[in-house]
Every structure is written in structure tokens, then in C-alpha cells.
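Same order as they appear, the protein sequences are chains A and B. Going by our numbering, the first residue of the first sequence is number 114, and it counts up by one from there. Going by our numbering, the first residue of the second sequence is number 33, and it counts up by one from there. In this text, a Cβ means the ideal position worked out from N, Cα and C, and glycines have one as well. Since the model is a prediction, treat every value here as computed from it, not as a measurement. These notes are about the structure you will find just below.
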Amino acid sequence: MVIVYGTRNNIKIKKNLGVNICPNCGMTTEKVLAAEKQQFTLFYIPIFSHTLRKGLICPNCGMYKTLTNAEFKEMSMN
Amino acid sequence: MITAKKSKAWIVLIVLGVFFLLLGILVGDEALGVMMVLAIVCLVIGLIVMAVSSKNYKKKSAWIAEANADGTIDRINNSISNGSATYFKSLKLALTSTELVENSNTPFIIKYEDIANVYRSNIREGKYDYTYQYIRIDLKNGQTVYVATVTRARVPAEFGNAIGTIKSHLNAEGGF
Ligand SMILES: [Zn+2]
């Protein structure tokens with residue numbers, strides 16, 4: 114029997130932190146607090162997921178500034 | 033070098049197909065069916081790869097001939113040979129002193145003077161890409177071009193070097 118398994122990533126946006134100039138692309142965009150999650154799938158059905166990284170992401174170029182758990186928690190509460 | 037190259041991958045598949053075919057005939061009986069399926073799969077994929085690579089080769093040869101009507105490709109290849117231009121093999125990208133050449137199956141040339149902004153991007157056409165990373169080029173006419181597609185998990189050192197080289201040329205142009 115063939116077992117179809119794999120992983121699927123997705124980004125969950127937690128909060129918009131206002132306008133910011135991205136150091137990578139130089140565009141003025143919303144500074145977004147986000148978490149990238151990876152789901153393990155069995156026959157295309159998500160079984161469990163874990164967080165790959167948390168940080169600030171630029172909506173124009175997709176570059177991450179990775180944050181520590183403490184920094185992420187503080188920013189999401191402010 | 034900016035040249036049209038013939039892919040040889042199809043030869044391996046055809047040889048593998050013939051190998052499975054002969055192995056099936058030699059072993060016979062129960063193995064024959066499995067070997068036949070493997071042989072047919074290899075031969076069919078081999079033929080598809082051959083047709084696609086031949087089409088790409090013809091298309092690229094035609095593009096090179098057209099772009100070289102005024103000697104542009106010869107000039108770029110000479111610049112790569114004498115070291116005044118850099119060729120990034122893993123990115124299929126050539127950077128001369130005045131232009132960028134995408135050396136893929138769908139090649140094109142962009143002049144630095146037409147570029148408004150350049151940076152690495154994980155987003156392509158508005159969609160976040162979990163697998164690949166690109167060099168995004170925003171042109172002054174509002175168009176966006178993506179070059180140097182690399183796997184995010186294995187970004188070669190050439191990737192950062194290429195962005196740095198393009199930026200230094202844009203700085204030299206004075207418009208960045
Ligand atoms: Zn950005």
C-alpha cells in the first residue's frame with residue numbers, strides 16, 4: 114500500500130504593526146508580525162503542525178526578521 | 033557563456049528503458065511484466081524530455097540569432113571570456129558593465145539604466161513562495177521581472193554576490 118505523506122507550510126499573520134521601511138526591498142509597507150507553521154500531512158490531511166519561525170515579515174519581498182519567543186510575545190501584546 | 037545547449041538527460045532515460053526491456057526478456061516470467069512497465073515509463077519520459085529539450089534548444093538558438101544580429105551576444109560572450117563581465121553559473125545569469133542577461137530557456141536582456149530597484153524576494157506575483165527565492169527586479173516602466181530562481185533551503189553564495197554586483201552597477205549609473 115502506498116502511503117502519501119508530506120509537509121505543507123503556511124504563514125499566520127498575528128498583527129499589523131504600522132508602516133515601516135523594509136531594509137531588504139526599501140519599500141514602505143506594513144510591518145507584519147507573523148508565524149510560519151509547517152503541517153505534516155497524511156493523504157493530504159494535516160495531522161499535526163509546528164512553528165518553524167516567528168518574526169516580522171515584509172509583505173512586499175517576504176523577508177523575515179526572526180524574533181525570539183519573548184520578543185514575539187511582547188510585540189503581539191503591545 | 034550565452035549559448036543554446038542540448039540537454040542529454042533523455043539519452044540516460046532511453047538507455048535505462050532499453051536496459052529494463054532487455055532485463056525483462058532475459059529474466060522472463062514474473063519479472064517480465066514489472067520490467068516492461070519500468071521500460072515503457074522510462075522510454076515515454078525519455079521521449080517527452082527529448083521533445084521538450086529539442087524545442088527549448090530551437091527556441092533559444094532563434095533568440096540568440098536574433099539578439100546577435102547587431103553582435104550583442106558575441107560582445108557579451110567576449111566580456112565573459114576576458115573577465116569584464118561575470119557569469120553566475122548556478123543562477124544562469126550574466127552581468128556585464130551595462131546589462132543583465134538571463135541565460136535560461138527563456139532568455140532576456142535588461143539594461144541597468146531601465147532598473148528602478150533590485151532585491152531578494154520570497155514573494156512571486158503576490159504569492160509567498162515556501163520553496164524558492166528569487167532576485168526581483170522592478171523596472172522603471174512598472175514591470176517586475178524575476179531572475180535567478182534558487183531553492184530557499186540551499187541558496188548559493190553566488191545569489192548574494194549577484195545582487196551586490198547588480199546594485200553596484202546601479203550605483204555606478206547614479207540612479208539608485
Ligand atoms: Zn521588503
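Thinking C-alpha only, which one of the options is nearest residue i?
i	options	result
A/K150	A/V117, A/V115, A/P136 and A/I124	A/I124
B/L282	B/D106, B/L171, B/Q175 and B/F191	Here chain B comprises residues numbered 33 to 208, so residue 282 of chain B is not present and cannot be evaluated.
B/N135	B/F51, B/N109 and B/Y164	B/N109
B/I46	B/A83, B/S129 and B/K159	B/A83
B/I34	B/G174, B/A194, B/Y89 and B/R184	B/Y89
B/K91	B/N137, B/V76, B/N154 and B/T163	B/N137
With DSSP run on the structure shown, which of helix, strand or coil describes residue i?
i	result
B/A180	strand
B/N203	helix
A/G131	strand
A/E149	strand
B/D161	coil
B/A36	coil
B/A117	coil
Whole angstroms is fine: what's the gap from residue i's alpha carbon to residue j's?
i	j	result
B/G56	A/I116	27 Å
A/K186	B/R168	32 Å
A/F156	B/T181	29 Å
B/I112	B/E62	56 Å
B/V133	A/M190	47 Å
A/A120	B/W42	Note that residue 120 of chain A is Thr in the sequence shown here, rather than Ala. C-alpha separation (whole angstroms): 30 Å.
B/T200	A/C138	A quick correction: the sequence has Ser, not Thr, at residue 200 of chain B. C-alpha separation (whole angstroms): 15 Å.
A/Q152	A/T164	9 Å
B/T197	B/Y160	26 Å
B/L64	A/T154	36 Å
B/L58	B/F51	10 Å
A/A147	A/C171	10 Å
B/I195	A/L130	29 Å
B/V179	A/M188	35 Å
Checklist entry - Which residues, in chain order, sit with a beta-carbon under 6 Å away from any heavy atom of ligand 1? => result A/C135, A/N137, A/C138, A/M140, A/C171, A/N173, A/C174 and A/M176
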